[in-house]
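Written below as structure tokens is the structure these notes are about.
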Amino acid sequence: MNTHTTAAAIGAGDRTTRLRTMVLAATALTFAAGITLAGASPAFAHDELVGSSPEPGQVFDTAPTEVALDFSNDIIEVGTAIMVVDHHGGDVAVGDPVIAGAHVTASLPADLEGDYQVRWRAVSSDGHPIEGTIDFGVGGDATGVWAEEPAHDDAASDEDAAEGDHAEGHEEAVDAAQSGPDGWAIAGFVVGGLGILALIVAVILNAKRKSAGPGAGSGNGTSGDDA
627 MNTHTTAAAI GAGDRTTRLR TMVLAATALT FAAGITLAGA SPAFAHDELV GSSPEPGQVF
687 DTAPTEVALD FSNDIIEVGT AIMVVDHHGG DVAVGDPVIA GAHVTASLPA DLEGDYQVRW
747 RAVSSDGHPI EGTIDFGVGG DATGVWAEEP AHDDAASDED AAEGDHAEGH EEAVDAAQSG
807 PDGWAIAGFV VGGLGILALI VAVILNAKRK SAGPGAGSGN GTSGDDA
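So the sequence shown is numbered by the working numbering: it starts at 627 and just counts up by one.
See below:
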């Protein structure tokens, strides 16, 4: 009787040890997968502006003929735009953007004078929108730093307000576009990892029940005979 009891206890201890080892291994595997995915996230970084003409803060004696932007990777044509505003926030007539790989240009009118701001938006090679601004000036009174001055009439005020609402709506759309796919991807990785861990634990517990059942039955029968 003592021999059977000792053997059963040893067997149960071995099964418990194996179960703990397998659960710890599964947990470590899931954690390592998460670390690997987190380390790979920089590969999904968006393209960026690496050069421009005008350069930020540049002051010209005469108006430049175009805005030129250089990016770190090829730009997608759909959704790319360049606009220029004067010191009242009014739009300056510029040409449609011309895209050649990572190089984007738009023509400028010849009668510019004062401080201006280039507002550009592009769609990077990974499909995400990126945007930015570049201040520049033309003429002896220019500073190269754009600052919007109050408009002198109600019509200009209404125009500025409409542009502000449009810019705010655009920023919200850009934020949603940037955060949406990445957020879903991370959530998918987390749910997938938890699902794998749950499946491994379920298989281990099922195997433990199958291995423990016959052993438990034999132990009870032996004890009854000995009694």
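We treat Cβ as the ideally placed atom computed from N, Cα and C, and that holds for glycine.
Reduced DSSP secondary structure (H/G/I, E/B, other) of residue i
i: I702; result: strand
i: V764; result: strand
i: L738; result: coil
i: G829; result: Gly is not the amino acid found at residue 829; the sequence shown has Val there. The answer is helix: DSSP assigns V829 an H, G or I state.
i: A689; result: coil
i: A773; result: coil
i: A824; result: helix
i: L663; result: Reliability fails at L663, whose pLDDT of 48 lies under 50, so the model's placement of it is uncertain and the value that follows must be treated cautiously. Helix, per DSSP.
Limits of the unbroken beta strand (DSSP E) element including residue i
i: L675; result: 675 to 679
i: H729; result: 729 to 733
i: V693; result: 692 to 697
i: V685; result: 684 to 686
i: V726; result: For the record, residue 726 in the displayed sequence is Ala; it is not Val. Taken as a continuous stretch (DSSP letters only), the beta strand (DSSP E) holding A726 covers 724 to 726.
Exposure label - residue i; buried when at least 16 CB within 10 Å
i: D717; result: exposed
i: L831; result: exposed
i: A664; result: Confidence is the limiting factor: at A664 the pLDDT is only 49, short of 50, which leaves the residue's position unreliable, though a coordinate-based value still follows. Counting Cβ neighbours within 10 Å, A664 comes out exposed, since fewer than 16 surround it.
i: D761; result: buried
i: V829; result: exposed
i: D737; result: exposed
Option nearest residue i by Cα separation, candidates the options
i: A728; options: F686, A707, L675, Q684; result: L675
i: G773; options: I822, T706, A707, H713; result: The amino acid at residue 773 is misidentified as Gly; the sequence shows Ala. Of the listed residues, the one whose Cα sits closest to A773 is H713.
i: D752; options: N699, I826, A694; result: N699
i: E681; options: V829, A824, L825, G758; result: G758
i: A726; options: V704, V710, R835, I826; result: V704
i: A768; options: H754, A694, A689; result: A689
i: H754; options: I701, Q684, D741; result: I701
i: R747; options: M709, L820, D737; result: M709
i: E739; options: S678, V685, R745, A694; result: V685
i: Y742; options: G763, T731, L695; result: G763
i: D722; options: T706, D696, V711, A833; result: T706
Residue j beta carbon less than 9 Å from that of residue i
i: D687; j: G765; result: yes
i: L734; j: E775; result: no
i: V730; j: L695; result: yes
Residue i CB to nearest heavy atom of the ligand ZN below 8 Å
i: G705; result: The ligand content of the structure shown is nil, which means the ligand ZN is not present either.
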